[in-house]
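K.L.:
Residue numbers (this note's numbering): 123 to 442. Quick one: the structure is below, questions incoming.
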């Protein structure tokens with residue numbers, strides 16, 4: 123079988139902070155407050171299935187078993203490892219918990235889990251929207267522990283206003299939280315491990331307070347700085363890639379497509395495309411696909427030459 127761009131049926135996740143905004147992408151949402159669409163993933167908590175083409179109905183795990191390094195690249199496939207990334211769209215109608223993620227080396231990681239380094243690209247933001255992004259200067263473990271004990275943790279956190287087009291790199295160890303009124307694309311390590319520092323004393327979906335993980339959080343925070351970076355991207359040059367995040371786990375770039383753009387995959391890594399806004403098409407040797415916002419494609423390493431055309435904003439992610 124010749125390689126072709128793979129699109130998947132998203133896995134929808136209900137969250138106490140979610141809503142219905144993901145319907146704007148044409149997704150079929152189940153009942154409830156849907157906070158996350160896992161658009162490309164192979165995790166114990168959700169594996170996406172291919173939609174269309176010869177591999178229709180196969181899970182990402184099954185595609186990996188059948189096609190290995192041919193599709194996922196020499197860097198992207200290991201017989202004993204899951205797909206390395208997880209791609210999400212998040213609808214934040216309320217504030218997320220204040221949280222932090224461990225790195226791969228934390229001794230108390232759940233069995234089989236990875237650490238979690240991630241990045242956000244803001245697709246839309248309501249006026250006045252903000253996020254929590256790191257600790258204020260001078261806040262160390264002792265100061266943060268005392269603030270938590272005294273119920274004033276918010277005084278230790280840095281708030282940042284956000285608008286569409288903002289990009290945030292969030293290495294493991296960064297205290298962070300998305301807040302109400304933002305819609306984001308998230309590229310992350312394939313992990314579902316989150317340590318909560320604070321959850322606004324609200325009930326979860328079951329009516330009970332959600333578990334906090336204070337000791338684990340205090341253990342994994344990078345008090346001297348995690349290497350987190352942020353940038354405004356609305357000045358991106360058309361048909362040139364602007365690097366948003368360069369981590370040991372993924373590289374993510376933004377591209378503003380205004381005319382035909384000739385590109386190609388390489389044998390060492392798959393490529394993931396997230397369509398942020400606008401419209402256009404993806405063309406490869408044996409076919410083409412019309413693209414719309416919210417769609418995510420996995421381009422096999424063996425796909426080779428392809429092109430993007432139209433007027434749209436695209437995120438491209440691949441392995442370093």
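C-beta: ideal position from N, C-alpha, C; glycine also.
Could you tell me if residue 124 is buried or exposed, where buried requires 16 or more neighbouring beta carbons within 10 angstroms of its beta carbon?
P.N.:
The residue in question, residue 124, is exposed, as its Cβ has fewer than 16 Cβ neighbours within 10 Å.
K.L.:
Are the beta-carbon atoms belonging to residue 127 and residue 161 less than 8 Å from one another?
P.N.:
Not in contact: residue 127 and residue 161 (Cβ atoms no closer than 8 Å).
K.L.:
What is the DSSP secondary structure of residue 338, reduced to helix, strand or coil?
P.N.:
Three-state result, residue 338: helix.
K.L.:
Just the Cα atoms here: how many angstroms apart are residue 250 and residue 406?
P.N.:
One C-alpha to the other measures close to 41 Å.
K.L.:
What are the boundary residues of the alpha helix (DSSP H) that includes residue 263?
P.N.:
Looking at the DSSP string, the run of the alpha helix (DSSP H) that includes residue 263 is 263-271.
K.L.:
Going by the CB atoms, is the gap between residue 182 and residue 164 shorter than 8 Å?
P.N.:
Their beta carbons are under 8 Å apart, which means residue 164 touches residue 182 by this criterion.
K.L.:
Here's a check: name, in chain order, each residue in its chain whose Cβ is nearer than 7 Å to the Cβ of residue 152, leaving out the five neighbours to either side.
P.N.:
Here the set comprises 134.
K.L.:
Is it the case that the Cβ atoms of residue 373 and residue 291 are separated by a distance below 8 Å?
P.N.:
Their beta carbons are not under 8 Å apart, which means residue 373 does not touch residue 291 by this criterion.
K.L.:
Does the separation of the CB atoms of residue 391 and residue 423 fall below 8 Å?
P.N.:
Yes, these two residues count as a Cβ contact at 8 Å.
K.L.:
List the residues that DSSP assigns as beta-bridge partners of residue 160.
P.N.:
Its beta-bridge partners are 133 and 210.
K.L.:
Where do the N-terminal and C-terminal ends of the alpha helix (DSSP H) with residue 190 fall, by residue?
P.N.:
That run of the alpha helix (DSSP H) goes 182-194.
K.L.:
So, residue 157 versus residue 213, is the Cβ gap smaller than 8 Å?
P.N.:
Going by C-beta atoms, residue 157 is nearer than 8 Å to residue 213.
K.L.:
Nearest to residue 147 by alpha carbon, out of 211, 174 and 378?
P.N.:
The shortest C-alpha separation from residue 147 is found at 211.
K.L.:
Hey, could you find the ends of the beta strand (DSSP E) residue 352 is sitting in?
P.N.:
Per DSSP, residue 352 belongs to the beta strand (DSSP E) from 351-354.
K.L.:
Would you kindly work out how many angstroms separate the C-alpha atoms of residue 239 and residue 342, rounded to a whole number?
P.N.:
Rounded to whole angstroms, residue 239 to residue 342 spans 12 Å at the Cα level.
K.L.:
Name, in chain order, the residues that DSSP records as bridge partners for residue 374.
P.N.:
Residue 374 pairs with 367 and 439.
K.L.:
Please check the pair residue 88 and residue 280, which I expect to be a contact at CB under 8 Å, by giving their CB distance rounded to whole angstroms.
P.N.:
No answer is possible for residue 88: the residues shown for the chain start at 123 and end at 442.
K.L.:
List the endpoints of the continuous beta strand (DSSP E) containing residue 318.
P.N.:
Taken as a continuous stretch (DSSP letters only), the beta strand (DSSP E) holding residue 318 covers 317-320.
K.L.:
I need the DSSP call for residue 275, collapsed to helix, strand or coil.
P.N.:
Correct three-state label for residue 275: helix.
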